[in-house]
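If you want my numbering, it's the 1-based position in the sequence shown plus 11.
Every residue gets a Cβ at the ideal spot worked out from N, C-alpha and C, and that includes glycine.
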Amino acid sequence: MGKYYNGINGPFTGKVGRAVGSTWKGIPVLRAAPMKRTKRFSEAELRQQAKFRIMTRLLKMATPLLDLTFRQAAVQMSGFNKAFSYNVKNAITGEYPDLKIDFPMLLMGRGDLPNAGSPSVSCLPQGKLDFSWTDNSGKGKALSTDKAFVAVYIEDGQKWEYDMNLALRGDGACSMDLSEHSGKSVQTYLGFISNDDKDVTDTVYTGAVVLPEKNIVLLSNS
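What follows is the structure in structure tokens.
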């Protein structure tokens, strides 16, 4: 793929022969149209395609979060694409075709801001997750005003719940209400982002949790 900034009549878009002109992030680019494949895919290629499908399915619903929490690490690409690239290399385990997500290795944010100390999660009976940490304001660029963000993956339903405004680093704790997902297994992550949204931590995997079932109250007619 080549970049170009002006042709005889300005930027070229569309297809002429095998040349395809388009714009990517405001930059005019020129590439060759793909040729039709005639040979079978190798096992290595099939494995990579499977990894791409698994990671796309996992991350696509968290795109708005990842565009922000991977922005510091992304260069000439979106935060989502950087998150996808990192995690497809580091957070898939198993042998093809039995591949699966390695949730402890998954990152939902990446940057050089120090994370808080001793992060943990616990579950309350009513379906709330309580996250806690040690305030380490003053370590490197860490400030008490850094915003805590939480990302929770609901495995049954393949859905993300996340929040960027639950608490500050200096608060030492925050809660997320997940009562609507009672009885389900979830994977949990905690990170911090600076108040100006420029600096981000690597997220910490705070573990898998099974949310309690809702209490059922039976009414008597007597």
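With contact defined as three or more Cβ pairs closer than 8 Å, the region 95–104 and the region 113–125 are in contact. The beta carbon of residue 202 sits closer than 6 Å to the beta carbons of 120, 160, 212, 214 from its chain, once the five residues preceding and following it are set aside; these are given in chain order. If you check the CB distance, residue 179 and residue 156 come in under 8 Å. Cβ contact annotation for residue 172 (same chain, cutoff 6 Å, sequence separation greater than five): 163, in chain order. Distance from the CA atom of residue 79 to the CA atom of residue 93, rounded to whole angstroms, is 11 Å. Across the structure, residue 128 and residue 53 are spaced so that their CA atoms are roughly 45 Å apart. In the DSSP assignment, residue 62 falls within the alpha helix (DSSP H) that extends over 54–70.
Within the region 63–136, complete beta strand (DSSP E) segments of at least 3 residues are found at 103–106, 109–112, 128–134, given in chain order.
Here residue 176 is exposed: its Cβ has fewer than 16 other Cβ atoms, across all protein chains shown, within 10 Å. Residue 188 has 139 as its beta-bridge partners, per DSSP. With respect to the C-alpha of residue 133, the residue from 70, 186, 86, 51 having the closest C-alpha is 186. When the Cα atoms are used, residue 96 and residue 50 turn out to be separated by approximately 27 Å. Judged by their CB atoms, residue 110 and residue 47 are not nearer to each other than the 8 Å cut-off. A distance below 8 Å separates the beta carbons of residue 72 and residue 170. The residue among 147, 91, 58, 82 with its C-alpha nearest the C-alpha of residue 74 is 91.
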